[in-house]
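The listed protein sequences derive, respectively, from chains L and E. Mind the numbering: the first sequence is residues 0 to 456 in numbering that gives the first Met the number 0, read in order. Mind the numbering: the second sequence is residues 0 to 456 in numbering that gives the first Met the number 0, read in order.
There are 2 protein chains.
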Amino acid sequence: MAKVNVSIPQGTRDFGPDVVRKRNFIFNTIRSVFELYGYDPLETPAMENLETLMGKYGEEGDKLIFKILNNGLDNSEKEKQARDDFEKILQGKNTAGITERALKYDLTIPFARYVAMNHKQLTFPFKRYQIQPVWRADKPQRSRYREFYQCDADVVGSNSLLNEVELAGIYATVFEKLKINVEIKINSRKILTALAEISGGADKMMDITIAIDKLDKIGLEKVKEVLSQKGLDNKQITVIERYLGITGNNNEKIAQVKSLLGNTETGKKGIEEVEYLISSSLTADHSPLTIDFTLARGLNYYTGIIFEVIAKNVQLGSIGGGGRYDDLTGLFGVPNIPGVGISFGVDRIYDVMEELKLFPVEVHTGTQALFFNLGKAESKAAFSLMQQLRNKNVRCELYPETVKFDKQFKYAEKKNIPYVIIIGSKELEEKTCVIKDIRNGEQQTIPAGGLETFSFL
Amino acid sequence: MAKVNVSIPQGTRDFGPDVVRKRNFIFNTIRSVFELYGYDPLETPAMENLETLMGKYGEEGDKLIFKILNNGLDNSEKEKQARDDFEKILQGKNTAGITERALKYDLTIPFARYVAMNHKQLTFPFKRYQIQPVWRADKPQRSRYREFYQCDADVVGSNSLLNEVELAGIYATVFEKLKINVEIKINSRKILTALAEISGGADKMMDITIAIDKLDKIGLEKVKEVLSQKGLDNKQITVIERYLGITGNNNEKIAQVKSLLGNTETGKKGIEEVEYLISSSLTADHSPLTIDFTLARGLNYYTGIIFEVIAKNVQLGSIGGGGRYDDLTGLFGVPNIPGVGISFGVDRIYDVMEELKLFPVEVHTGTQALFFNLGKAESKAAFSLMQQLRNKNVRCELYPETVKFDKQFKYAEKKNIPYVIIIGSKELEEKTCVIKDIRNGEQQTIPAGGLETFSFL
Numbered sequence: 000m001a002k003v004n005v006s007i008p009q010g011t012r013d014f015g016p017d018v019v020r021k022r023n024f025i026f027n028t029i030r031s032v033f034e035l036y037g038y039d040p041l042e043t044p045a046m047e048n049l050e051t052l053m054g055k056y057g058e059e060g061d062k063l064i065f066k067i068l069n070n071g072l073d074n075s076e077k078e079k080q081a082r083d084d085f086e087k088i089l090q091g092k093n094t095a096g097i098t099e100r101a102l103k104y105d106l107t108i109p110f111a112r113y114v115a116m117n118h119k120q121l122t123f124p125f126k127r128y129q130i131q132p133v134w135r136a137d138k139p140q141r142s143r144y145r146e147f148y149q150c151d152a153d154v155v156g157s158n159s160l161l162n163e164v165e166l167a168g169i170y171a172t173v174f175e176k177l178k179i180n181v182e183i184k185i186n187s188r189k190i191l192t193a194l195a196e197i198s199g200g201a202d203k204m205m206d207i208t209i210a211i212d213k214l215d216k217i218g219l220e221k222v223k224e225v226l227s228q229k230g231l232d233n234k235q236i237t238v239i240e241r242y243l244g245i246t247g248n249n250n251e252k253i254a255q256v257k258s259l260l261g262n263t264e265t266g267k268k269g270i271e272e273v274e275y276l277i278s279s280s281l282t283a284d285h286s287p288l289t290i291d292f293t294l295a296r297g298l299n300y301y302t303g304i305i306f307e308v309i310a311k312n313v314q315l316g317s318i319g320g321g322g323r324y325d326d327l328t329g330l331f332g333v334p335n336i337p338g339v340g341i342s343f344g345v346d347r348i349y350d351v352m353e354e355l356k357l358f359p360v361e362v363h364t365g366t367q368a369l370f371f372n373l374g375k376a377e378s379k380a381a382f383s384l385m386q387q388l389r390n391k392n393v394r395c396e397l398y399p400e401t402v403k404f405d406k407q408f409k410y411a412e413k414k415n416i417p418y419v420i421i422i423g424s425k426e427l428e429e430k431t432c433v434i435k436d437i438r439n440g441e442q443q444t445i446p447a448g449g450l451e452t453f454s455f456l
Numbered sequence: 000m001a002k003v004n005v006s007i008p009q010g011t012r013d014f015g016p017d018v019v020r021k022r023n024f025i026f027n028t029i030r031s032v033f034e035l036y037g038y039d040p041l042e043t044p045a046m047e048n049l050e051t052l053m054g055k056y057g058e059e060g061d062k063l064i065f066k067i068l069n070n071g072l073d074n075s076e077k078e079k080q081a082r083d084d085f086e087k088i089l090q091g092k093n094t095a096g097i098t099e100r101a102l103k104y105d106l107t108i109p110f111a112r113y114v115a116m117n118h119k120q121l122t123f124p125f126k127r128y129q130i131q132p133v134w135r136a137d138k139p140q141r142s143r144y145r146e147f148y149q150c151d152a153d154v155v156g157s158n159s160l161l162n163e164v165e166l167a168g169i170y171a172t173v174f175e176k177l178k179i180n181v182e183i184k185i186n187s188r189k190i191l192t193a194l195a196e197i198s199g200g201a202d203k204m205m206d207i208t209i210a211i212d213k214l215d216k217i218g219l220e221k222v223k224e225v226l227s228q229k230g231l232d233n234k235q236i237t238v239i240e241r242y243l244g245i246t247g248n249n250n251e252k253i254a255q256v257k258s259l260l261g262n263t264e265t266g267k268k269g270i271e272e273v274e275y276l277i278s279s280s281l282t283a284d285h286s287p288l289t290i291d292f293t294l295a296r297g298l299n300y301y302t303g304i305i306f307e308v309i310a311k312n313v314q315l316g317s318i319g320g321g322g323r324y325d326d327l328t329g330l331f332g333v334p335n336i337p338g339v340g341i342s343f344g345v346d347r348i349y350d351v352m353e354e355l356k357l358f359p360v361e362v363h364t365g366t367q368a369l370f371f372n373l374g375k376a377e378s379k380a381a382f383s384l385m386q387q388l389r390n391k392n393v394r395c396e397l398y399p400e401t402v403k404f405d406k407q408f409k410y411a412e413k414k415n416i417p418y419v420i421i422i423g424s425k426e427l428e429e430k431t432c433v434i435k436d437i438r439n440g441e442q443q444t445i446p447a448g449g450l451e452t453f454s455f456l
């Protein structure tokens with residue numbers, strides 16, 4: 000057989016044992032917190048009908064959807080049909096000729112599709128979490144992949160701000176468990192709306208939001224330039240500048256924003272939302288909530304509280320975000336389902352934990368004990384001990400071949416197995432075993448019967 | 000917005016909360032046993048390069064591979080380029096015009112690709128497990144899906160039969176934990192080879208194997224017809240008939256097969272393999288191993304021990320299978336990596352567990368306790384109690400709106416939440432709470448401080 004050039008598609012990754020264990024540590028932590036807060040798991044297929052996805056992500060987004068060739072249409076078959084279909088496409092007669100399905104681009108639209116399909120059976124408020132891969136035909140670059148996991152929790156069918164409080168609690172609890180020091184920034188889109196109104200640019204709400212969203216990256220002067228290009232006059236820009244200049248602790252910020260926007264209906268509502276969230280007993284306990292009135296969350300269609308999580312002590316941008324929206328499923332013909340959701344940026348969280356060395360040491364351990372293979376009778380003894388250990392949930396294995404000590408030892412080292420257990424003819428006779436901690440080289444001989452109560456840490 | 004007809008692609012499924020929890024019960028059980036036996040997790044991308052997959056599954060299999068349209072080629076754009084590419088394809092000049100990537104069809108080929116790509120860095124024997132979805136453009140029908148999970152464990156780089164013993168142990172342990180009563184059938188392909196040799200049809204090994212594989216479905220007479228059609232004469236067929244007639248317990252079967260095939264080199268080796276596996280102390284403990292010399296495992300390229308697992312007390316066919324192979328990665332230019340692996344049929348296992356009602360009752364419980372929402376001050380009290388409970392790993396939530404009792408109660412019932420906790424103004428004053436088990440209607444009033452030690456089972 001000729002040598003084949005083996006590779007994987009650009010922008011995709013294999014995850015070997017150590018990486019899977021570290022990723023699972025993150026996923027399991029988030030999952031368990033979602034469940035502690037009463038969120039239920041949901042899984043939707045990798046594939047959706049093309050029409051479910053198209054038109055939902057803007058023109059640029061649509062281009063990045065990975066489409067799947069219709070069944071039976073490949074490079075060597077049915078060319079005639081494919082050509083006919085193509086002709087129709089070129090004539091604008093048919094758009095489903097070669098592809099009717101696509102890989103999901105995010106978790107939100109499939110969730111909306113699920114809720115729309117099942118809204119008559121679901122119990123509202125419906126709280127679901129979803130941890131699944133999504134696909135985007137983006138240009139691969141550092142920390143941007145074509146296949147990556149998203150990790151979302153949303154509650155739909157409830158307008159209560161208690162949901163926002165709980166979601167802030169989820170953020171706080173997860174990052175506390177992961178030992179990542181974070182700032183959870185909050186704002187309300189209503190405050191941004193009030194700002195647009197008061198600066199006389201109510202119709203420019205989106206332009207203002209998008210410009211403010213870039214503040215971190217481009218700085219105040221450039222933001223002002225952008226606003227000016229969008230048609231705002233100096234007086235309007237001055238109001239926005241005053242708004243962006245709000246500083247201090249949470250209470251000081253609230254006082255300042257009240258004096259600026261507190262007289263408007265929308266401003267009042269937005270400030271109430273932010274105050275409620277800040278003052279709630281739960282989040283006071285956890286405390287990493289920070290008001291940031293420059294937080295805007297770009298193009299997303301949020302209408303109330305918005306969140307963004309930043310890891311401290313590391314330059315990696317946002318590791319989570321979310322907010323409240325008015326209408327999840329209107330696009331699928333089911334109106335009036337509002338909700339609020341958050342998501343975790345798992346790849347960035349992974350990078351933060353690597354950089355700050357936050358993965359607990361146990362995460363690197365698969366097998367806890369390797370039994371050396373020193374022959375047939377010895378292996379038989381090892382086998383029955385292994386069964387006992389496994390019944391006690393100790394992960395162990397027997398080297399499958401009777402080879403040199405050295406080779407078996409190297410296997411344990413490379414696999415990061417902390418303990419090796421040696422049963423030779425002497426130990427077999429004396430019903431003992433030698434157990435060696437290969438991290439510090441310490442070894443001891445113990446009765447074989449004592450292995451069951453040994454602590455394999 | 001016009002009402003959209005929402006659906007998901009044929010052959011794919013949404014998994015709601017209850018189903019995800021049941022599936023995860025199966026996955027987690029299998030995963031934990033894989034790890035107890037020293038197998039490490041591996042994850043490969045959903046997408047592979049088309050050339051990695053094509054030609055690996057036979058002509059029929061290749062047709063069922065889901066191919067992905069090249070980036071940027073959709074129905075409304077780049078038609079010109081698409082047409083040019085199509086022209087080339089039709090002229091046979093180019094086969095990569097519209098698709099270069101595909102969804103993985105199984106876990107074995109991506110595993111082989113991974114091992115081939117990384118064989119210089121990997122520690123052999125390499126023991127990996129993989130639990131991931133695969134995609135096949137098969138005709139959807141009952142229990143056959145276009146997107147479904149496979150669940151495999153393989154060890155490569157070792158010829159030792161101890162691996163087979165361990166894999167049999169994994170099967171036995173998993174099904175014991177799942178409480179599914181199984182028969183683990185074993186045979187060796189070497190015995191089938193010996194049969195082909197001795198019946199004078201060595202060149203017909205594959206034909207004989209495939210015919211025997213159908214015995215269960217079509218019966219002996221039809222198998223004999225098929226063999227005759229394949230060119231075997233009566234004398235040859237008589238030998239095969241004698242082989243297929245072997246009965247009794249494991250030891251009796253071995254005695255009979257020895258007298259039939261024990262004089263050939265290959266037969267001897269195969270019988271030794273089966274005897275070794277049967278007599279190993281580990282599996283003797285667990286005991287569901289049964290020799291079945293009619294087991295053939297169809298078209299798979301096995302060369303030694305083969306496995307098949309059947310659930311007793313239910314008509315659902317095989318729920319697991321596997322075997323030893325000589326060469327995993329030769330197709331990718333890396334020869335001489337033998338291995339042995341098993342897989343679990345998760346969808347069928349799910350069906351068996353549903354039919355026999357084997358899912359433990361806890362699996363149906365997401366949230367364990369719902370706090371009723373009776374107002375602002377009451378909710379605040381609930382919040383701080385919830386934090387205490389969550390610190391004790393009790394999954395709980397507060398109904399987010401202050402609505403009628405009845406509505407909150409229905410929510411708990413529909414979500415299968417076993418306990419509701421009621422804190423009204425009286426309880427708030429007395430620092431107590433009412434806790435009600437909604438499965439039996441029993442309720443009690445306890446001090447709020449006592450909630451932390453309450454057992455939410």
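Virtual Cβ for every residue (Gly too), placed ideally from N, Cα, C. All values derive from a computational prediction rather than experimental measurement.
- prompt: Leaving out five residues before and five after M0(E) in sequence, what residues of the same chain have Cβ atoms less than 6 Å from its Cβ?
  reply: Indexing the second sequence from 1 puts residue 0(E) at position 1. Below a pLDDT of 50, predicted positions are generally treated as unreliable, and M0(E), at 44, falls in that range; no measurement from the model is reported.
CB of V155(L) within 8 Å of CB of P132(L), strictly: Mapped onto the first sequence, residue 155(L) falls at position 156. Mapped onto the first sequence, residue 132(L) falls at position 133. For V155(L) and P132(L), no; Cβs fall outside 8 Å.
- request: Below 9 Å between beta carbons is the criterion; list the residues of the segment 26 to 58 of chain E that meet it against any residue of chain L, in chain order.
  value: Flagged, chain order: S31, V32, E34, L35, Y36, G37, Y38, D39, P40, L41, E42, T43, P44, A45, M46, E47, N48, L49, E50, T51 and M53.
Any C-beta of chain E under 8 Å from that of D151(L): Working through the first sequence from its first residue, we reach residue 151(L) at position 152. In terms of beta-carbon proximity, D151(L) stays away from the interface with chain E, with every pair separated by 8 Å or more.
- prompt: If you drop the 5 nearest sequence neighbours on each side, which residues of the same chain put their C-beta closer than 6 Å to that of I348(L)?
  reply: Taking the first residue of the first sequence as 1, we reach residue 348(L) at position 349. Correct list, in chain order: I25 and I318.
task: Could you list which residues in chain E have their beta carbon closer than 7 Å to that of C395(L), in chain order?
output: As a first step, residue 395(L) is located in the first sequence; it is residue number 396 there, counting from the start. Within 7 Å Cβ-Cβ: G37.
- prompt: First and last residue of the alpha helix (DSSP H) that includes V32(L)?
  reply: For the purposes of this step, residue 32(L) is taken as the residue at position 33 of the first sequence. Taken as a continuous stretch (DSSP letters only), the alpha helix (DSSP H) holding V32(L) covers P16 to L35.
Inside the segment 346 to 372 of chain E only - beta strand (DSSP E) runs reaching at least 3 residues: Counting only runs of at least 3 residues, the segment 346 to 372 of chain E fully encloses the following beta strand (DSSP E) elements, listed from N- to C-terminal order: 368 to 370.
- prompt: Along the segment 132 to 161 of chain L, what residues have a CB closer than 7 Å to any CB found in chain E?
  reply: Here the close residues are P132, A136, E146, S157, S159 and L161.
message: List, from N- to C-terminal side, the alpha helix (DSSP H) runs of 4 residues or more that fit wholly inside the segment 257 to 320 of chain E.
response: DSSP runs (the alpha helix (DSSP H)) wholly in the segment 257 to 320 of chain E: 264 to 278 and 280 to 285.
Contact list for N392(E) against chain L, beta-carbon separation under 9 Å: For the purposes of this step, residue 392(E) is identified with residue 393 of the second sequence, where counting begins at 1. The CB of N392(E) comes closer than 9 Å to the CB of S31 and L35 in chain L, given here in chain order.
task: Determine the DSSP secondary structure at N415(L), reduced to helix, strand or coil.
output: Along the first sequence, read from residue 1 onward, the residue named residue 415(L) stands at position 416. Collapsing the DSSP output to three states places N415(L) in coil.
- prompt: Sorted by chain position, which residues of the same chain lie with C-beta nearer than 8 Å to L373(E)'s C-beta, five sequence neighbours on each side aside?
  reply: Here residue 373(E) refers to the residue found at position 374 when the second sequence is read from its first residue. If you ignore the 5 residues before and after L373(E), its C-beta comes within less than 8 Å of the C-beta of T401, I421, I422, G423 and S424, all in its own chain and listed in chain order.
query: How should K126(E) be labelled, buried or exposed, when 16 other C-beta atoms within 10 angstroms of its C-beta is the threshold for buried?
result: For this step, residue 126(E) is matched to residue 127 along the second sequence. Around the beta carbon of K126(E), a 10 Å sphere encloses 16 or more other beta carbons of the protein chains shown; the residue is thus reported as buried.
- request: Could you list the residues in the segment 107 to 135 of chain E with a C-beta less than 8 Å from some C-beta on chain L, going in chain order?
  value: Per Cβ criterion, the list reads R112, Y113, A115, M116, N117, T122, P124, K126, R127, P132 and W134.
- request: Can you give me the Cβ contacts of T28(L) inside the same chain, cut-off strictly under 8 Å, excluding the 5 residues immediately before and after it?
  value: Position 29 of the first sequence holds residue 28(L). Excluding sequence neighbours, T28(L) sits near V173, K176 and L177.
Extent of the continuous alpha helix (DSSP H) run through P446(L): As a position in the first sequence, residue 446(L) is number 447, starting the count at 1. Element bounds for P446(L): not the alpha helix (DSSP H) but the beta strand (DSSP E), Q442 to P446.
task: Could you check what DSSP says for I253(E) in three-state terms: helix, strand or coil?
output: What you label residue 253(E) is simply residue 254 of the second sequence in a count that begins at 1. If DSSP states are grouped into helix, strand and coil, I253(E) belongs with the helices.
query: Under three-state DSSP, which class holds D405(E)?
result: As a position in the second sequence, residue 405(E) is number 406, starting the count at 1. Helix.
field: CB-CB length for I277(E) against N249(E), believed under 8 Å
entry: On the second sequence, position 278 is the one that residue 277(E) refers to. On the second sequence, position 250 is the one that residue 249(E) refers to. Contact flag correct, Cβ pair sits at about 5 Å.
query: Touching or not, the segment 330 to 350 of chain L and the segment 225 to 244 of chain L, by the rule of three or more beta carbon pairs under 8 Å?
result: Here the segment 330 to 350 of chain L does not lie against the segment 225 to 244 of chain L, with fewer than 3 beta-carbon pairs under 8 Å apart.
message: Which residues in chain L have a C-beta closer than 8 Å to the C-beta of L68(E)? List them in chain order.
response: Walking along the second sequence from the start, residue 68(E) turns up at place 69. The contacting residues are F65, K66, I67, L68, I97 and T98.
message: Rounded to the nearest angstrom, what separates K267(L) and K257(L) at their Cα positions?
response: Locating residue 267(L) in the first sequence gives position 268, where the first residue counts as 1. Locating residue 257(L) in the first sequence gives position 258, where the first residue counts as 1. Spanning the alpha carbons of K267(L) and K257(L) requires a straight line of approximately 8 Å.
query: For the segment 398 to 415 of chain E, which residues have a beta carbon sitting closer than 7 Å to at least one beta carbon of chain L?
result: Closer than 7 Å at the C-beta level to chain L, one finds these residues of the segment 398 to 415 of chain E: P399, E400, Y410, K413 and K414.
task: Using only alpha-carbon positions, find the residue among R141(L), Y148(L), A411(L) and N117(L) that is nearest to L102(L).
output: As a working mapping, residue 102(L) is identified with position 103 in the first sequence. It is Y148(L).
Proximity below 8 Å, CB of R12(L) to CB of L35(E): Here residue 12(L) corresponds to residue number 13 of the first sequence, with the count starting at 1. Here residue 35(E) corresponds to residue number 36 of the second sequence, with the count starting at 1. Note that the C-beta distance between R12(L) and L35(E) is not below 8 Å.
query: Does S424(E) have its Cβ less than 8 Å from a Cβ in chain L?
result: As a working note, residue 424(E) is residue 425 in the second sequence. No, S424(E) lies away from the interface with chain L (no Cβ there is under 8 Å from its Cβ).
- request: May I ask you to list, following chain order, the residues of the segment 301 to 332 of chain L that have a beta carbon less than 8 Å from some beta carbon of chain E?
  value: If the cut-off is 8 Å between Cβ atoms, the segment 301 to 332 of chain L has G329, L330, F331 and G332 near chain E.
- request: Inspect the beta-carbon positions of D151(L) and Y128(L) and report whether they are closer than 8 Å.
  value: By one-based count along the first sequence, residue 151(L) stands at place 152. By one-based count along the first sequence, residue 128(L) stands at place 129. Against a cut-off of 8 Å, the Cβ pair of Y128(L) and D151(L) comes out as a contact.
- prompt: Got a sec? Which residues, its chain only, sit under 6 Å from Q407(E) by beta carbon, not counting five neighbours each side?
  reply: Translated into the one-based positions of the second sequence, residue 407(E) becomes position 408. Within the same chain, Q407(E) has close Cβ partners F371 and Y398.
- prompt: Where DSSP assigns a beta bridge to P399(E), which residues make up the other side?
  reply: For the purposes of this step, residue 399(E) is taken as residue 400 along the second sequence, with counting starting at 1. The partner list for P399(E) (beta bridge, DSSP) is empty, contrary to what the question assumes.
query: Which stretch, first to last residue, makes up the beta strand (DSSP E) that contains G338(L)?
result: Here residue 338(L) refers to the residue found at position 339 of the first sequence. Run containing G338(L): G338 to F343, per the beta strand (DSSP E) assignment.
field: Contacts of I169(E) in chain L (Cβ-Cβ under 7 Å)
entry: As a working note, residue 169(E) is residue 170 in the second sequence. Correct list: empty, because the minimum Cβ distance to chain L is about 10 Å.
Simplified DSSP assignment, three categories, for R188(E): The residue given as residue 188(E) occupies position 189 in the second sequence. In this structure, R188(E) counts as helix in the three-state DSSP scheme.
field: Residues that T11(E) contacts on chain L, provided the C-beta gap is smaller than 7 Å
entry: Indexing the second sequence from 1 puts residue 11(E) at position 12. Listed along chain L, the residues sitting closer than 7 Å to T11(E) by beta-carbon distance are P44 and M46.
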